[in-house]
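A.B. asks:
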Amino acid sequence: MIFGRSQRGKPPVEPVTLKILVAGGFGVGKTTLVGAVSEIRPLRTEELLTEAGRPVDDVSGVEGKHTTTVAMDFGRITLREDLVLYLFGTPGQERFWFMWDELSEGALGAVVLADTRRL
């Protein structure tokens, strides 16, 4: 049998977890940000943009975009052994903005992204 090293005198650390919202408009890079900084493979709810959604979704400025987040993105960053950030990325399309209230519940703060070419 193989046993790990004894952690005598050192109680197990229960990390403090903090929720951070990653918000912004359609196509600003929320999914990309969560994926780039997450230490785990991020949970994504990406779906293909459809022709049926084109009249509703403003794709001006992001014409090359083929997918969209329909619920949320989720990632994690461990800052220290005792401090973990959970990242919740919001959907950017106006028709999914109702989810922002749910996703922001309990969040300590937010990172808001904007595409300055489309202000």
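Heads up, the sequence shown stops at 1336 in this note's numbering, and the numbers go up one at a time, no gaps. Backbone N, C-alpha and C fix where the C-beta goes; we use that ideal spot for every residue, glycine too. Please read these numbers as outputs of a predicted model, since none were measured by experiment.
What beta strand (DSSP E) runs, 3 residues minimum, are completely inside the stretch 1245–1326?
C.D. replies: DSSP runs (the beta strand (DSSP E)) wholly in the stretch 1245–1326: 1263–1265, 1284–1286, 1290–1297 and 1300–1306.
A.B. asks: Given L1325, which residues of its chain have a CB within under 8 Å of its CB, disregarding the five upstream and five downstream residues?
C.D. replies: Shown here for L1325: same chain residues with a beta carbon closer than 8 Å to its own, the five before and five after excluded, namely L1235, K1236 and I1237 in chain order.
A.B. asks: If we ignore side chains and look at the alpha-carbon of each, how far apart do K1227 and L1260 end up?
C.D. replies: Distance between the alpha carbons of K1227 and L1260: 33 Å.
A.B. asks: Do three or more CB pairs link the stretch 1276–1283 to the stretch 1306–1322 at distances below 8 Å?
C.D. replies: no
A.B. asks: Look at the alpha carbon of L1266 and the alpha carbon of V1276, and state the distance between them as a whole number of angstroms.
C.D. replies: 10 Å
A.B. asks: For D1290, does the count of other Cβ atoms within 10 angstroms reach 16, so buried, or fall short, so exposed?
C.D. replies: buried
A.B. asks: What does the alpha-carbon distance come out to for the pair V1301 and G1323?
C.D. replies: 15 Å
A.B. asks: Is it true that the CB of G1309 sits closer than 9 Å to the CB of T1286?
C.D. replies: yes
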